[in-house]
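To start, the structure itself, in structure tokens.
Numbering (the UniProt record's numbering), first residue to last: 1 to 409.
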């Protein structure tokens, strides 16, 4: 018993009215009472010398100040999680993304995604933009170069290409740009019974298919344009030819095969005598009819196989994606901060991209969230750009928190 008391005495020192504990480094530190913890944390985190560091460095600052209590790390972590300035810093990563919700359509040309690329510098024959439309099933792409990115170009694409060549789709997916959100275009879609699905702001993944097509078209153009880079609009048709005849992993074949049930005949096949190029033309009507009938049946099989291949591919992609994200548990009434990459508050690297807090009104399907602003306005964003706002310890600039000495009995 005496040995135990002696050991305790070596590590604990009572110097009325304070209690000190000896650390592993041999230094005695004052034991902080529960009611003093908040004040110490505010001093060592948000004061002029605090620096708003993370948990480990913050605890080290407390220890350097000669203070200690048993739950230092836990309390420091909780305090930092609720610190208003700290919550408004940082970026968003792939771990912040919402679970994927793939779009699967059985029929080709039922759903088109549209988007503008550009402006391109330098311009090409007066053109600065490319309007791209991609079919979500076959991955078939149509594109036109234009001097502007207004609604007139969008109307031209649908009236001269989409509607007459591929028929009336069920839905069109686009971002919220004014070239897509306007009375003229909405009137055209409404006239033909086409639904217009608009992506949530600052979330291009909603229009993922057209974004992928845009990147691939840009990559092809970058390799085929001349030294001056001014002939990109003249190379656009060649780029589309290359894209349409390229193998697409999700569907297991080329977009050309999805449309026509056979491979596109390329100049290289003629020059190097592919088997079809060496055969004589068969003019027997009966045999041609039978072959055409077989080809049509094969085309349906090709599309069904492509649909199954796309479904499996997207399921695997979703499983891989969802394993690497942090689950989010939002509910109506929660306070959240919004990551706004276009918010400009301060120049350079000091600007905070987190605005808010906002109040969640409703959790919508497919990862979308409806928010209330302080002025009562309502808007929708993707949950990827949100994080819970936990601050209840806002430290005013220039404030001072005093540590009160305990009163002697």
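For every residue, glycine included, the Cβ atom is placed at its ideal position computed from N, Cα and C.
Coarse secondary structure for residue 264, derived from DSSP in three states: Taking the chain shown and counting its residues from 1, one reaches residue 264 at position 264. Three-state DSSP puts residue 264 in coil, outside helix and strand.
Start and end residues, beta strand (DSSP E) containing residue 171: Walking along the chain shown from the start, residue 171 turns up at place 171. Where residue 171 is concerned, the enclosing beta strand (DSSP E) stretches over 171-174.
Given residue 55 as reference, the closest of 220, 286, 44 and 134 once Cα atoms are compared: Reading the chain shown from its first residue, position 55 is the one you call residue 55. Taking each of 220, 286, 44 and 134 in turn and checking the Cα distance to residue 55, the smallest one comes out for 44.
Proximal residues to residue 269 (C-beta, below 6 Å), its chain only, five neighbours per side dropped: Working through the chain shown from its first residue, we reach residue 269 at position 269. Sequence-distant Cβ neighbours of residue 269 in its own chain, meaning closer than 6 Å and more than five residues away, are 277.
Cβ shell of residue 410 (< 6 Å), same chain only, five flanking positions each side left out: Any property of residue 410 remains undetermined from this structure, which presents the chain solely from 1 to 409.
Residue 278 beta carbon near the ligand FMN (any heavy atom closer than 6 Å): Ligands in the displayed structure: none, and consequently the ligand FMN is not present.
C-alpha gap between residue 83 and residue 338, whole angstroms: Within the chain shown, numbered from 1, the residue matching residue 83 stands at position 83. Within the chain shown, numbered from 1, the residue matching residue 338 stands at position 338. Spanning the two alpha carbons is a distance of roughly 16 Å.
Proximity below 7 Å, CB of residue 143 to CB of residue 153: Reading the chain shown from its first residue, position 143 is the one you call residue 143. Reading the chain shown from its first residue, position 153 is the one you call residue 153. No, these two residues do not count as a Cβ contact at 7 Å.
Minimum C-alpha distance to residue 134 - residue among 256, 364 and 272: Position 134 of the chain shown, counted from the first residue, corresponds to residue 134. Nearest of 256, 364 and 272 to residue 134, Cα basis: 256.
Alpha carbon of residue 335 to alpha carbon of residue 78, nearest angstrom: For the purposes of this step, residue 335 is identified with residue 335 of the chain shown, where counting begins at 1. For the purposes of this step, residue 78 is identified with residue 78 of the chain shown, where counting begins at 1. Roughly 17 Å between the two C-alpha positions.
As assigned by DSSP and simplified to three states, the class of residue 382: By one-based count along the chain shown, residue 382 stands at place 382. Here residue 382 sits in strand by DSSP.
C-alpha gap between residue 250 and residue 138, whole angstroms: On the chain shown, position 250 is the one that residue 250 refers to. On the chain shown, position 138 is the one that residue 138 refers to. The alpha-carbon of residue 250 is positioned some 10 Å away from that of residue 138.
Inter-residue CB distance, residue 30 and residue 49 (contact presumed, cutoff 8 Å): On the chain shown, residue 30 is found 30 positions in, with the first residue counted as 1. On the chain shown, residue 49 is found 49 positions in, with the first residue counted as 1. Actually they do not touch by this definition, with Cβ atoms about 19 Å apart.
Proximity of residue 128 and residue 147 at Cβ, strictly below 7 Å: Your numbering for residue 128 matches position 128 in the chain shown. Your numbering for residue 147 matches position 147 in the chain shown. Taking 7 Å as the Cβ cut-off, residue 128 and residue 147 qualify as a contacting pair.
Cross-strand partners of residue 338 (DSSP beta bridge): By one-based count along the chain shown, residue 338 stands at place 338. Paired residues: 355 and 386.
Closest residue to residue 298 among 387, 223 and 259 (Cα-Cα distance): As a working note, residue 298 is residue 298 in the chain shown. That would be 259, whose Cα lies nearest to the Cα of residue 298.
Residue range of the beta strand (DSSP E) that includes residue 117: Residue numbering aside, residue 117 sits at position 117 when the chain shown is read from its first letter. Under the DSSP assignment, residue 117 falls in the beta strand (DSSP E) whose first and last residues are 111-117.
Separation of residue 373 from residue 262, as counted between CA atoms: Locating residue 262 in the chain shown gives position 262, counting from the first residue. Locating residue 373 in the chain shown gives position 373, counting from the first residue. If you draw a straight line from the Cα of residue 262 to the Cα of residue 373, it is about 54 Å long.
Cβ neighbour criterion (16 or more within 10 Å) applied to residue 254: Walking along the chain shown from the start, residue 254 turns up at place 254. Flag for residue 254 reads buried.
Nearest-angstrom beta carbon gap, residue 371 and residue 360 [assumed within contact, 8 Å]: Here residue 360 refers to the residue found at position 360 of the chain shown. Here residue 371 refers to the residue found at position 371 of the chain shown. Indeed they touch by this definition, with Cβ atoms about 6 Å apart.
Three-way DSSP call (helix, strand, coil) for residue 3 in this model: Residue mapping note: residue 3 aligns to position 3 of the chain shown, counting from 1. Interpretation of residue 3 is limited by its pLDDT of 46, a score under 50 that renders its predicted location unreliable; the figure taken from the coordinates is listed afterwards. Correct three-state label for residue 3: helix.
Distance CB(residue 108)-CB(residue 213) smaller than 7 Å: Reading the chain shown from its first residue, position 108 is the one you call residue 108. Reading the chain shown from its first residue, position 213 is the one you call residue 213. Between residue 108 and residue 213, the C-beta spacing is not below 7 Å.
Where residue 125 falls, given that 16 or more other Cβ within 10 Å makes a residue buried: For the purposes of this step, residue 125 is identified with residue 125 of the chain shown, where counting begins at 1. In summary, residue 125 is exposed, with fewer than 16 beta-carbon neighbours lying within 10 Å of its beta-carbon over all protein chains present.
Inter-residue CB distance, residue 194 and residue 168 (contact presumed, cutoff 8 Å): Against the chain shown, residue 194 aligns to sequence position 194. Against the chain shown, residue 168 aligns to sequence position 168. Cβ-Cβ separation between residue 194 and residue 168: approximately 6 Å, consistent with a contact (criterion under 8 Å).
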